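Some notes on the structure that comes next.
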Amino acid sequence: MQVSFTTDEIAAIVQPQQVRGATTESVRAIASLGAAAAGELSFLGNLKYKAEAATTRASVVLLPLDYDGQPQPNQLFFLVDNPSVALARLCSRIEQQLWPKPAPGVHPTAHVAPGARVAASATIGPLCVVEAEAVIGERSHLQAQVYVGRGAQIGDDCWLMPGVILAAECILRNRVRLQPGVVVGSDGFGYEFVAGRHEKIPQVGNVVIEDDVEIGANSTLDRARFSRTVVGEGTKIDNLVQVAHNVTIGRHVILCAQVGISGSATISDYAVLGGQAGIGGHITIGRAAKVGGQSAVTFNVEPGTYVNGSPAMAYMLGQRLEVLHRRLPELFKRVGDLENSPGKG
Amino acid sequence: MQVSFTTDEIAAIVQPQQVRGATTESVRAIASLGAAAAGELSFLGNLKYKAEAATTRASVVLLPLDYDGQPQPNQLFFLVDNPSVALARLCSRIEQQLWPKPAPGVHPTAHVAPGARVAASATIGPLCVVEAEAVIGERSHLQAQVYVGRGAQIGDDCWLMPGVILAAECILRNRVRLQPGVVVGSDGFGYEFVAGRHEKIPQVGNVVIEDDVEIGANSTLDRARFSRTVVGEGTKIDNLVQVAHNVTIGRHVILCAQVGISGSATISDYAVLGGQAGIGGHITIGRAAKVGGQSAVTFNVEPGTYVNGSPAMAYMLGQRLEVLHRRLPELFKRVGDLENSPGKG
Amino acid sequence: MQVSFTTDEIAAIVQPQQVRGATTESVRAIASLGAAAAGELSFLGNLKYKAEAATTRASVVLLPLDYDGQPQPNQLFFLVDNPSVALARLCSRIEQQLWPKPAPGVHPTAHVAPGARVAASATIGPLCVVEAEAVIGERSHLQAQVYVGRGAQIGDDCWLMPGVILAAECILRNRVRLQPGVVVGSDGFGYEFVAGRHEKIPQVGNVVIEDDVEIGANSTLDRARFSRTVVGEGTKIDNLVQVAHNVTIGRHVILCAQVGISGSATISDYAVLGGQAGIGGHITIGRAAKVGGQSAVTFNVEPGTYVNGSPAMAYMLGQRLEVLHRRLPELFKRVGDLENSPGKG
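Residue numbers (my numbering), protein chains in the order written: chain A, 1 to 345; chain B, 1001 to 1345; chain C, 2001 to 2345.
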């Protein structure tokens, strides 16, 4: 990345409560404390790296308010409430510099069908397809090679990255961000077994994605059989995640990479599912429950609890059984000793 | 979805054997018994919801022949052999209304190379690419942004949804449906380790997909090393499934989401693999065998059997071991008691 | 595949050290020893098929130097150092025949933004998008519907297959091959939990892919938070693999299909990860270590060791525990017997 910020510009963004030292450098990159060089900015986001803050060669360092060290020569400390949040704010500015949204309008190579409604402030990039009766809201951005199906609706300030497919009738509310290759609205996996064949059950429902959802690259979300597959406000979904038909995902949920959620499951608000976890059909994961990575959940999970394992069980029970499992060689030996002890006969 | 059917139209589609009651409503949507409102159709597909059939507000209800209840005022009951199948037939009609296949022809933004043969009845949608010597059969539909490689062959009545990639020389027979983002014919993962480097083994075989196969969004099927990767007639594959090179999948198989099948494995007719299951290389899964979700299969599975677990084992054995595993704390205690019992010394 | 090689052409490619017999056939296909017919070439790559070499109907057979059998009438044996490598060399030639790289130049349907630099020897296929400031090196091939973001850099002799997405600022060195649908440079999955919401941490780093890397269909590699996600020279990645932000993958690593690697993990040179394995965040897998399929690794793995299981443990320990686990029914019985034995009371 090629960026450049003066220290004044950085101060304006991170709004430090206290300043120590000074530097003649401008900031051209961000790096970790240990890796940073002159002309770079670093930050103390995790106290276990505190020692590195004293020796970093970064020209500008974001530090927590209670940090008591002093800068080296030609080094500037900005003390802030939360260095991670301050850095995120700075990175957001970098993001806008690196990837400015193109001017509104429809690229000449895009195909927008008659009957589609595209807001004048929206940007439709090269080689996108927008089918009839689709609606694209204010300032939304279809980056390139995006497909928006017949009757699909996109709200305001959405960003659909290259290769995203939003199938017919599906709905994105506002500020939804879809990473490259996401598929929203593929058919649910439903068949009736009739006379030795799997006959397709047509899937004529849709998918509704609420405000501020982000979905990772190449993830897939199936349309409902006849109602709606729903992803609630503020939920974040990582790459290569599968969401089956008729699933309801609540608000502010986290689904890590390669999670799979079977049909008609419910994931409640604030739940967190670790990578590669699988949730069975019609299962409910309670509010703020946690599911460990690679777990297989085949029963309802109570709110606020933590389950783990394949098959999943309560986390503490699983940990205890795991310890005992590793002691099986010892147990076999103890039983053998008992069998051979004089008292036995 | 915006649809409208008169009750006469619905009767023509579901062909009821018996009719009870009447309604002045037309049908504008489908919903479950509990959720349905006036102007909607519902159905009793699972007897555990029988109580809801008596109180549903749906205007039209599909019920099994032996249902003995009576409709409410302004409510119409259609009694049919199989309400789920009847509903599927209705949804199929809805699907055609919602997503009518565009008229035959090649969209002006598509690129069809000289030497490709496209049936006059086929539809090539916007921004598709069809390479030289490819063949597209009667009434087949490439929806948008589809890629068909050199010498690939597509039979009749296939539907390739947006973003599908069918690589060179690969073959789809008839009525194959590929959901968005499917990749057919990526290179198999084959290397020789020579002098400290993984040297690529070129993969010059192809993939053959037989009649009536459906493949889910973003699934990937690799071409064979030099022969064929095969998916048999009527098989249904869910989203994000990986099929490696030289795999042979039989007829009417079910592969749930995120399944992974390693190279040269054979999945026999009517087998069912649960979500996220993994099958080792050169393994054979017997006819109508079942593999549980998240299982890891490293041995051949006999026809008609059910295996589960990672590593997989016979289902009943796995269930028994799981029960005993959870009793390990008790077993350790019992052994401790024995060791401390007076009889021991 | 439709190919044709004379026996002289094949001899020139595989350079046999010894020749036995002769055939009037030319070679039109490759097949396994058991399946081959006249006009086809086969090879003995694995000694367990040695018996089949004596009875194969292939017209040309590649055999190891120490093979002592004689050809049948109208059959030609080529004895070579390594039949698998010889076959790979032949298949490479077939690959070039089947899929010749199109002539250099930019296809008229591609969109190359002003300010992008495309080598005169590069091929930009139909409906590709190359954004401003991107660089495409000598002889590199963007096959079709590929996206190359702003400021991305592609070295020499790379091959990006249909539907590949290389996001802004990401870098491919030389001879990198990306299978269809690969996403390089999606945002890392990073959020701060602030006031009940997951606030996005912008991901402004990039991804760097070194020389001779190959990545499988629909795999996803996330850009770093502010530094680099790296894939080292010669590493091979299979389909549907997830590589999170800030991961460092060494040289000549093998990642099988559906592997998931969490943020900031390090996979050292020559490591091999089996299909569907998951690696936790900030974990280091040592040089030439092996991780079994479907394993879940939550601790650092020493160089050269082999771990397996979910949770993972040393392979030999896991095998031993698995054997004892299956003997739990017996152990419960033995403990019951002890409890009931006369010596107990």
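By construction, the Cβ of each residue, glycine as well, lies at the ideal position given by its N, Cα and C atoms. All values derive from a computational prediction rather than experimental measurement.
Against chain B, the CB of alanine 2217 of chain C has a partner CB under 8 angstroms away; the residue lies at that interface. At a cut-off of 8 angstroms between C-beta atoms, glutamate 1169 of chain B counts as an interface residue with respect to chain C. Using a CB distance below 8 angstroms, the part of the stretch 2220 to 2235 of chain C facing chain A consists of Thr2220, Asp2222, Arg2225, Phe2226, Ser2227, ordered along the chain. The beta carbon of valine 335 of chain A sits closer than 8 angstroms to some beta carbon of chain C.
In the three-state reduction of the DSSP assignment, serine 2186 of chain C falls in the strand class.
If the five residues before and after serine 1140 of chain B are omitted, its C-beta is found closer than 8 angstroms to the C-beta atoms of Ala1119, Ala1122, Thr1123, Ile1154, Gly1155, Asp1156, Asp1157, Cys1158, Trp1159, Leu1160, all from its own chain and listed in chain order. What proline 1202 of chain B touches in chain C, judged by beta-carbon distance under 8 angstroms, is Ala2088, Cys2091, Ser2092, Ile2094, Glu2095, going in chain order. Under the three-state reduction of DSSP output, serine 1032 of chain B falls in the coil class, being neither helix nor strand. For valine 2247 of chain C, the secondary structure class from DSSP, reduced to helix, strand or coil, is coil. Residues of the same chain with a CB within less than 7 angstroms of the CB of alanine 1036 of chain B, apart from the 5 flanking positions on each side, are Ser1042, Thr1056, Arg1057, Ala1058 in chain order.
Per DSSP, the continuous beta strand (DSSP E) segment holding histidine 2198 of chain C begins and ends at 2197 to 2200. In the three-state reduction of the DSSP assignment, tyrosine 2270 of chain C falls in the coil class. Spanning the alpha carbons of isoleucine 2010 of chain C and leucine 2090 of chain C requires a straight line of approximately 7 angstroms. Secondary structure note for tyrosine 1191 of chain B: it is in no alpha helix (DSSP H), and the uninterrupted beta strand (DSSP E) holding it is 1191 to 1194. In the structure shown, the three-state DSSP call for phenylalanine 299 of chain A is coil. Against chain A, a Cβ distance below 7 angstroms from histidine 2111 of chain C picks out Thr109, Pro126, Leu127. When DSSP states are grouped into helix, strand and coil, threonine 235 of chain A belongs to the coil group. Per DSSP, aspartate 2337 of chain C lies in no beta strand (DSSP E) segment; the continuous alpha helix (DSSP H) that holds it begins and ends at 2328 to 2340.
Of all residues in the stretch 321 to 333 of chain A, those with a C-beta nearer than 8 angstroms to a C-beta of chain C are Glu322, His325, Arg326, Leu328, Pro329, Leu331, Phe332, reading in chain order. From the beta-carbon of aspartate 2238 of chain C, the residues of chain B found nearer than 7 angstroms are Phe1189. Taking the CA atoms as reference points, aspartate 1066 of chain B sits about 43 angstroms from alanine 271 of chain A. DSSP, reduced to helix, strand and coil, places serine 42 of chain A within a strand of the structure shown. Taking 7 angstroms as the upper bound on Cβ-Cβ separation, chain A lies near residues Ala1144, Gln1145 of the stretch 1140 to 1154 of chain B.
Across the set C/Gly2280, C/Tyr2191, C/Val2176, the C-alpha of C/Val2176 shows the shortest separation from the C-alpha of valine 2231 of chain C.
For alanine 288 of chain A, there are no neighbours in chain C by C-beta distance under 9 angstroms, as the nearest C-beta there is about 11 angstroms away. In the DSSP assignment, proline 1083 of chain B falls within the unbroken alpha helix (DSSP H) covering 1083 to 1098. When secondary structure is reduced to three states using DSSP, lysine 2101 of chain C falls in the coil class, being assigned neither helix nor strand. Closest by C-alpha distance to proline 2071 of chain C, out of C/Ser2227, C/Asp2081, C/Leu2317, C/Val2060, is C/Val2060. In the DSSP assignment, threonine 2229 of chain C forms a beta bridge with C/Val2207. The Cβ atoms of glycine 2216 of chain C and glutamine 2276 of chain C do not sit closer than 8 angstroms to each other.
In its chain, beyond the 5 residues on either side, Ala2244, Ser2262, Gly2263, Ser2264, Ala2265 have a beta carbon closer than 8 angstroms to the beta carbon of glycine 2281 of chain C.
The beta carbon of threonine 1305 of chain B sits closer than 6 angstroms to the beta carbons of Ala1289 from its chain, once the five residues preceding and following it are set aside; these are given in chain order. For serine 262 of chain A, the closest Cβ of chain B is nearer than 8 angstroms. In the structure shown, valine 1106 of chain B adopts extended strand secondary structure according to DSSP, grouped into three states. Around the beta carbon of glutamine 18 of chain A, fewer than 16 other beta carbons lie within 10 angstroms, which makes this residue exposed. Any Cβ of chain C closer than 8 angstroms to the Cβ of glutamate 1192 of chain B would place that residue at the interface, and such an atom is present.
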